[in-house]
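Q: Counting in the numbering used here, the sequence shown tops out at residue 392, every number present.
From the three backbone atoms N, C-alpha and C, an ideal C-beta is built for every residue, glycine too.
Just so we're clear, the structure is a prediction, and the values are computed from it rather than from any experiment.
Handing you this structure, nothing more for now.
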Amino acid sequence: MIFGLLKDIKNGEYRTIATPTEILTIVGAGHTALVQSGAGEKAGFEDEAYAAAGARIVSSAEEIFGQCDLVTKVKEIEPPEYDLLREGQIILTCIHPAAHPEEVQVLLDKKVIAFTAEDSHRYGSPNCEAAGKQGALAGLNAMLTVNGGKGKFVSGLAGAPGMNVVILGAGIVGKAALSVLHALGAKVTVMDISLGVLREVEAQYHNSVDTMYCTKENIRKLLPNTDMILNCVKWPKGNPEFLVDREMLKLMEKGSVLVDISNDPGGAIESFHETTHEDPTYVENGVVHYCVSNIPGAIAGSTTVAYAAAMLPHFMKLLNDGVEEACVKDGFLRRSLTVYKGYLTHEETSALQGRPWIRPEDILGIADRDLDPAPPATVTRSDNFIVL
Numbered sequence: 005m006i007f008g009l010l011k012d013i014k015n016g017e018y019r020t021i022a023t024p025t026e027i028l029t030i031v032g033a034g035h036t037a038l039v040q041s042g043a044g045e046k047a048g049f050e051d052e053a054y055a056a057a058g059a060r061i062v063s064s065a066e067e068i069f070g071q072c073d074l075v076t077k078v079k080e081i082e083p084p085e086y087d088l089l090r091e092g093q094i095i096l097t098c099i100h101p102a103a104h105p106e107e108v109q110v111l112l113d114k115k116v117i118a119f120t121a122e123d124s125h126r127y128g129s130p131n132c133e134a135a136g137k138q139g140a141l142a143g144l145n146a147m148l149t150v151n152g153g154k155g156k157f158v159s160g161l162a163g164a165p166g167m168n169v170v171i172l173g174a175g176i177v178g179k180a181a182l183s184v185l186h187a188l189g190a191k192v193t194v195m196d197i198s199l200g201v202l203r204e205v206e207a208q209y210h211n212s213v214d215t216m217y218c219t220k221e222n223i224r225k226l227l228p229n230t231d232m233i234l235n236c237v238k239w240p241k242g243n244p245e246f247l248v249d250r251e252m253l254k255l256m257e258k259g260s261v262l263v264d265i266s267n268d269p270g271g272a273i274e275s276f277h278e279t280t281h282e283d284p285t286y287v288e289n290g291v292v293h294y295c296v297s298n299i300p301g302a303i304a305g306s307t308t309v310a311y312a313a314a315m316l317p318h319f320m321k322l323l324n325d326g327v328e329e330a331c332v333k334d335g336f337l338r339r340s341l342t343v344y345k346g347y348l349t350h351e352e353t354s355a356l357q358g359r360p361w362i363r364p365e366d367i368l369g370i371a372d373r374d375l376d377p378a379p380p381a382t383v384t385r386s387d388n389f390i391v392l
């Protein structure tokens with residue numbers, strides 16, 4: 005098969021999904037690799053390194069889409085790329101389909117085979133760890149007086165207390181943020197809806213971190229003494245409620261910081277709107293908001309190395325075994341199948357966009373096989389099934 009690595013064109017995106025190391029493995033297995041010029045440059049990987057690994061460097065996205073069986077990159081398929089998609093072509097990237105109905109419609113119309121990478125991680129995405137750690141540092145930067153914050157130092161100074169930080173959600177993102185903030189000396193309270201997870205946090209940090217059950221009422225109690233709050237909750241799409249509403253922001257001191265790492269429109273933070281690395285913050289009700297959508301892009305080198313290593317097994321299964329066998333062997337890859345030759349195969353997208361869907365194992369004709377198990381990617385369910 006022919007593997008294609010695109011240069012990401014989303015504003016502020018500097019990562020790539022494959023380094024020369026992955027190209028060595030792909031070419032070594034007998035496949036051809038095409039790399040768009042500049043695909044890895046911002047992450048520290050020059051065209052010459054890809055060429056030395058065995059890739060053929062091409063100048064345009066048109067060449068990648070026109071020649072490759074499997075096309076990959078980090079972020080969504082952008083409008084300038086829509087017309088380049090070919091029927092039957094395999095696409096593997098972060099589609100975020102439930103939030104992008106126009107993109108989903110194009111993928112359906114083009115009859116491609118598309119996998120959304122964010123649902124394919126058996127052990128959690130390296131991007132989540134990167135977002136948590138870098139998001140914590142970005143929040144500290146927003147706290148600086150010169151950036152509009154109230155100028156409180158994370159660990160404090162002799163005679164001046166350090167920061168009180170609240171982390172909402174103790175998944176991969178929240179725990180990653182905690183690791184940075186605790187190491188730097190912040191007084192951290194972690195909130196979650198799983199008492200088991202909170203016990204794990206207490207044990208790991210030898211009771212030097214406070215924990216609380218995550219409810220709106222408990223958050224409200226903490227806000228008057230909170231300097232920075234980080235949202236790391238995977239909020240169910242379509243939930244009309246908020247964990248932190250605009251009125252609650254008034255409980256915080258002027259110059260306090262809110263970092264929305266989860267970055268979901270209609271998510272847990274009512275005052276959220278997406279920002280960019282070029283213009284990362286805004287102030288609402290006196291609180292500095294940092295809401296950059298692709299935080300890992302700020303540490304493109306490290307994130308790329310970790311992410312590419314995590315994605316390589318998916319590349320190799322698709323290249324060596326084809327779509328059907330790959331989805332038999334890997335349940336997490338199977339659950340990430342989003343569209344298949346004109347059929348929607350993503351349950352959350354079906355529920356939120358009102359589109360009929362079909363299970364990946366049914367459209368692939370593998371339902372009676374011994375399938376590698378995987379839990380659903382989200383809690384959102386849909387019984388709006390396509391009947392073949």
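1) Taking Cβ positions, are N15 and T307 nearer each other than 8 Å?
2) Is L392 buried or exposed, if buried means 16 or more other CB atoms sit within 10 Å of its CB?
3) Measuring alpha carbon to alpha carbon, tell me which residue in V158, V192, F157 and A371 is nearest A174.
4) List the endpoints of the continuous beta strand (DSSP E) containing L262.
5) Would you call the segment 269–277 in contact with the segment 12–30, where contact means no fewer than 3 C-beta pairs closer than 8 Å?
6) How big is the Cα-Cα spacing for L172 and G44?
7) On the DSSP letters alone, give me the boundaries of the beta strand (DSSP E) that D231 sits inside.
8) In chain order, which continuous runs of the alpha helix (DSSP H) of length 4 or greater are located wholly inside the segment 8–61?
9) So, with DSSP's three-state summary, where would you put H104?
10) Would you call T120 buried or exposed, if buried means 16 or more other Cβ atoms sit within 10 Å of its Cβ?
11) How many whole angstroms separate the CB atoms of T3 and I6, which I take to be in contact at a CB cut-off of 8 Å?
12) Would the beta-carbon of M252 fall within 8 Å of that of V169?
13) Should P228 be labelled buried (16 or more other beta-carbon atoms within 10 Å of its own) or exposed?
14) My guess is that M256 and I21 are in contact by the Cβ rule of under 8 Å, so how many angstroms apart are they, rounded?
15) Considering V292, what are the terminal residues of the beta strand (DSSP E) in which it resides?
16) Taking C-beta to C-beta, are S297 and E282 nearer than 8 Å?
17) Can you give me the Cβ contacts of P240 inside the same chain, cut-off strictly under 8 Å, excluding the 5 residues immediately before and after it?
18) Applying the 10 Å Cβ sphere with the 16-neighbour rule, what's the burial state of G369?
19) Who pairs with F119 in a beta bridge, going by DSSP?
20) Following the continuous alpha helix (DSSP H) through N131, name the residue where it begins and the one where it ends.
21) Just verifying my parser: in three-state terms, what is the DSSP assignment at F389?
22) Going by C-alpha to C-alpha distance, which of A371, R359, G153 and P380 sits closest to V287?
23) Between the Cα of L323 and the Cα atoms of N145, S183, Q93 and V110, which residue gives the shortest distance?
24) Could you tell me whether the segment 51–63 touches the segment 73–83, where touching means 3 or more Cβ pairs closer than 8 Å?
25) Is it true that the segment 332–343 meets the segment 112–126, where meeting means three or more beta-carbon pairs spaced less than 8 Å apart?
26) Between the C-alpha atoms of I390 and N151, what's the straight-line distance to the nearest angstrom?
27) Considering only the beta carbon of each residue, do V263 and G155 sit closer than 8 Å?
28) Provide the residue(s) that pair with M320 in DSSP beta bridges, ordered along the chain.
29) Which of the three DSSP states is assigned to I176 in this structure?
30) Could you tell me which whole beta strand (DSSP E) segments of length 3 or greater appear in the segment 62–92?
31) Using 8 Å as the threshold, is the C-beta distance between V177 and C236 below it?
32) Looking only at its chain, what residues have a beta carbon closer than 6 Å to the beta carbon of A180, apart from the 5 residues adjacent to it on each side?
A: Looking at the atomic coordinates:
1) If you number the sequence shown from 1, residue 15 lands on position 11. If you number the sequence shown from 1, residue 307 lands on position 303. Contact flag unset, no.
2) Reading the sequence shown from its first residue, position 388 is the one you call residue 392. Per the 10 Å Cβ criterion, exposed.
3) Taking the first residue of the sequence shown as position 1, residue 174 is located at position 170. For the options V158, V192, F157 and A371, the alpha carbon positioned closest to that of A174 is the one of V192.
4) For the purposes of this step, residue 262 is taken as residue 258 along the sequence shown, with counting starting at 1. Counting along the chain, L262 sits inside the beta strand (DSSP E) bounded by residues V261 to D264.
5) Flag = no, the segment 269–277 and the segment 12–30 do not touch.
6) Indexing the sequence shown from 1 puts residue 172 at position 168. Indexing the sequence shown from 1 puts residue 44 at position 40. Distance between the alpha carbons of L172 and G44: 34 Å.
7) Working through the sequence shown from its first residue, we reach residue 231 at position 227. No beta strand (DSSP E) contains D231, which DSSP labels as neither H nor E.
8) Considered as a whole, the segment 8–61 harbours 24–32 and 51–56 as its complete alpha helix (DSSP H) runs of no fewer than 4 residues, in chain order.
9) For this step, residue 104 is matched to residue 100 along the sequence shown. H104 falls in the coil class under three-state DSSP.
10) On the sequence shown, residue 120 is found 116 positions in, with the first residue counted as 1. With 16 or more other Cβ atoms within 10 Å, it is buried.
11) Given a span of 5 to 392 for the chain in the structure shown, any question on residue 3 remains unanswerable.
12) Sequence index remark: in the sequence shown, residue 252 carries index 248 (1-based). Sequence index remark: in the sequence shown, residue 169 carries index 165 (1-based). Cβ atoms of M252 and V169: not closer than 8 Å.
13) Numbered from its first residue, the sequence shown carries residue 228 at position 224. P228 should be labelled exposed.
14) If you number the sequence shown from 1, residue 256 lands on position 252. If you number the sequence shown from 1, residue 21 lands on position 17. 38 Å between Cβ atoms; not a contact.
15) Sequence index remark: in the sequence shown, residue 292 carries index 288 (1-based). DSSP places V292 inside the beta strand (DSSP E), whose first and last residues are V291 to Y294.
16) Along the sequence shown, one-based indexing puts residue 297 at 293. Along the sequence shown, one-based indexing puts residue 282 at 278. For S297 and E282, no; Cβs fall outside 8 Å.
17) Mapped onto the sequence shown, residue 240 falls at position 236. Contacts found: T382, V383 and T384.
18) Residue 369 sits at position 365 when you count from the first residue of the sequence shown. G369 is exposed by the Cβ-count criterion.
19) Counted from its first residue, the sequence shown places residue 119 at position 115. In DSSP, F119 forms a bridge with L96 and L341.
20) Taking the first residue of the sequence shown as 1, we reach residue 131 at position 127. P130 to M147 is the extent of the alpha helix (DSSP H) around N131.
21) Position 385 of the sequence shown, counted from the start, is the residue given in the question as residue 389. F389 falls in the strand class under three-state DSSP.
22) Locating residue 287 in the sequence shown gives position 283, where the first residue counts as 1. Measuring from the Cα of V287, the nearest candidate turns out to be G153.
23) Looking up residue 323 in the sequence shown gives position 319. The shortest Cα separation from L323 among N145, S183, Q93 and V110 belongs to Q93.
24) Touching, no, given that fewer than three Cβ pairs across the two stretches are closer than 8 Å.
25) Yes, they touch.
26) Looking up residue 390 in the sequence shown gives position 386. Looking up residue 151 in the sequence shown gives position 147. The alpha-carbon atoms of I390 and N151 are separated by roughly 52 Å.
27) On the sequence shown, residue 263 is found 259 positions in, with the first residue counted as 1. On the sequence shown, residue 155 is found 151 positions in, with the first residue counted as 1. No, these two residues do not count as a Cβ contact at 8 Å.
28) To locate residue 320, count along the sequence shown from 1; it is residue 316. In DSSP, M320 forms no bridge with anything.
29) For the purposes of this step, residue 176 is taken as residue 172 along the sequence shown, with counting starting at 1. In the structure shown, I176 sits in a helix (DSSP, three-state: H, G or I).
30) For secondary structure counted as the beta strand (DSSP E) over 3 or more consecutive residues, the segment 62–92 holds these complete runs in sequence order: 74–76.
31) Translated into the one-based positions of the sequence shown, residue 177 becomes position 173. Translated into the one-based positions of the sequence shown, residue 236 becomes position 232. Against a cut-off of 8 Å, the Cβ pair of C236 and V177 comes out as a contact.
32) Reading the sequence shown from its first residue, position 176 is the one you call residue 180. Exclusion of the five residues before and after A180 leaves E133, G136 and K137 as the residues of its chain whose Cβ lies within less than 6 Å of its Cβ.
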